[in-house]
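Enquirer: First the structure, which I've put down as structure tokens, then a few questions once you've had a look.
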Amino acid sequence: MNKKEAWAILGILLVLALAAPAPAAAQEGGWFLGASAGKGQFRSTCTLYTGGTCDPDDTAYRVFGGFRPSPNMPIEVGYASAAEVFVDAVRVDSGVPVSFEATLKALDVSILPTYPFSERFAVFGRLGLYRSQLEVRGLGATVANESVHNTGFTFGAGLRIDLGSAVGVRAEWQRYDSVGGGSVGQADIDYVNLGLELRF
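Heads up: the sequence shown begins at 47 in this note's numbering, then just goes up one per residue.
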């Protein structure tokens, strides 16, 4: 996906979000911000290597904020340090030993369609776009240091528990689809997290 296509899709999503009608009983939206922490994982990366060490999991965090043009269709912007992988093994396809660390950082914009099924509980989905930076640090002669940028889709689902009118707790699974490239290839990143949301 190139940048023009990504921004065109995002524009359509934002127009749909702004046009979505709110329920008659809850027409007012508002601003919100928050933070989350959990586990980030490079999915399937370790299947490319054998005969050594591959650790695809690491602690991850994300900060976010946004606006509710309607209560059940928030627009959210987030910044995540989403995952890290360490590899000291042999590539299956080439038989070449490699050693490197790779860290993902991403900026994303999403809409979060939300369905409250009780006074305090709501489920929500996520659909949006990300812009990522994958920093690769080679630890041997076969992998060079590099920084890979790309744009793609992010999506997910979660549960929100409202502790009051201004505070909520969120549990969420979020995926960054087809991140990275370059010498280490692409991978899907899963971010499973618990977060706190403050509303204004």
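The beta-carbon is built from N, C-alpha and C at its ideal position, and this holds for glycine as well. Just so it is clear, the structure is predicted and the values come from calculations on it, not from any experiment.
Can you confirm whether the region 78-88 touches the region 108-128 when touching is taken to mean that 3 or more C-beta pairs between the two stretches lie within less than 8 angstroms?
Expert: yes
Enquirer: Smallest Cα separation from proline 143: which of Thr96, Cys92, Leu242?
Expert: As a first step, residue 143 is located in the sequence shown; it is residue number 97 there, counting from the start. Check the Cα spacing between proline 143 and each of Thr96, Cys92, Leu242: the tightest is with Thr96.
Enquirer: Around the C-beta of valine 230, are 16 or more other C-beta atoms found within 10 angstroms, so that it is buried, or is it exposed?
Expert: As a first step, residue 230 must be located in the sequence shown, where it is residue number 184. Under this definition valine 230 is a buried residue.
Enquirer: Which residues in the same chain have their Cβ closer than 7 angstroms to the Cβ of glutamate 192, if we skip the five residues on either side of it in sequence?
Expert: By 1-based counting over the sequence shown, the position of residue 192 is 146. Val182, Gly228, Ser229, listed in sequence order.
Enquirer: Please name the residue in Tyr176, Gly241, Leu180, Arg114 whose C-alpha comes closest to that of leucine 209.
Expert: Here the question's residue 209 lines up with position 163 in the sequence shown. Ranking the options by Cα distance to leucine 209, first place goes to Gly241.
Enquirer: Just to confirm the assignment, what range does the beta strand (DSSP E) spanning aspartate 234 have?
Expert: Mapped onto the sequence shown, residue 234 falls at position 188. Under the DSSP assignment, aspartate 234 falls in the beta strand (DSSP E) whose first and last residues are 232-245.
Enquirer: Got a sec? Which residues, its chain only, sit under 8 angstroms from arginine 221 by beta carbon, not counting five neighbours each side?
Expert: What you label residue 221 is simply residue 175 of the sequence shown in a count that begins at 1. Once the five neighbours on either side are set aside, the close Cβ partners of arginine 221 are Thr200, Phe201, Gly202, Asp234, Ile235, Asp236, Tyr237.
Enquirer: With burial defined as no fewer than 16 other Cβ atoms inside 10 Å of the residue's Cβ, what is the status of proline 69: buried or exposed?
Expert: Numbered from its first residue, the sequence shown carries residue 69 at position 23. Confidence in proline 69 is poor, its pLDDT being 39 and thus under 50, which makes the residue's placement too unreliable to answer from.
Enquirer: To the nearest angstrom, report how far apart serine 145 and glutamine 87 are at their CA atoms.
Expert: Within the sequence shown, residue 145 is the residue found at index 99, counting from 1. Within the sequence shown, residue 87 is the residue found at index 41, counting from 1. Taking the straight line joining both Cα atoms gives about 18 angstroms.
Enquirer: Compare the beta carbon distance of valine 131 and aspartate 154 with 8 angstroms and say whether it is the shorter of the two.
Expert: As a first step, residue 131 must be located in the sequence shown, where it is residue number 85. As a first step, residue 154 must be located in the sequence shown, where it is residue number 108. Here valine 131 is not near aspartate 154, since their CB atoms are 8 angstroms or more apart.
Enquirer: Relative to the C-alpha of alanine 129, which residue among His195, Ala152, Val136, Ala135 is closest?
Expert: The residue you call residue 129 lines up with position 83 of the sequence shown. Answer by Cα proximity: Ala152.
Enquirer: Under 8 angstroms, do leucine 150 and glutamate 122 count as touching if we go by C-beta distance?
Expert: The residue you call residue 150 lines up with position 104 of the sequence shown. The residue you call residue 122 lines up with position 76 of the sequence shown. No, the pair does not count as a contact, with Cβ atoms beyond the cut-off.
Enquirer: Return the CA-CA distance between valine 136 and arginine 245, expressed in angstroms with no decimal places.
Expert: Within the sequence shown, numbered from 1, the residue matching residue 136 stands at position 90. Within the sequence shown, numbered from 1, the residue matching residue 245 stands at position 199. Looking at the two C-alpha atoms, the distance is approximately 49 angstroms.
Enquirer: To the nearest angstrom, how far is the alpha carbon of tyrosine 161 from that of aspartate 139?
Expert: Locating residue 161 in the sequence shown gives position 115, where the first residue counts as 1. Locating residue 139 in the sequence shown gives position 93, where the first residue counts as 1. Each residue's Cα considered, the two are about 46 angstroms apart.
Enquirer: Alpha carbon to alpha carbon, how far is alanine 187 from serine 90?
Expert: As a first step, residue 187 must be located in the sequence shown, where it is residue number 141. As a first step, residue 90 must be located in the sequence shown, where it is residue number 44. Rounded to whole angstroms, alanine 187 to serine 90 spans 24 angstroms at the Cα level.
Enquirer: Less than 8 angstroms between C-beta atoms, sequence neighbours within five positions excluded: which residues of the same chain meet that for valine 169?
Expert: Walking along the sequence shown from the start, residue 169 turns up at place 123. Cβ within range, chain order: Thr160, Tyr161, Phe163, Ala203, Gly204, Leu205, Arg206.
Enquirer: To test your reading of the DSSP string, which unbroken beta strand (DSSP E) runs of 3 or more residues are found completely within the region 175-235?
Expert: The DSSP assignment places complete beta strand (DSSP E) segments of no fewer than 3 residues inside the region 175-235 at 192-208, 213-226, in order along the chain.
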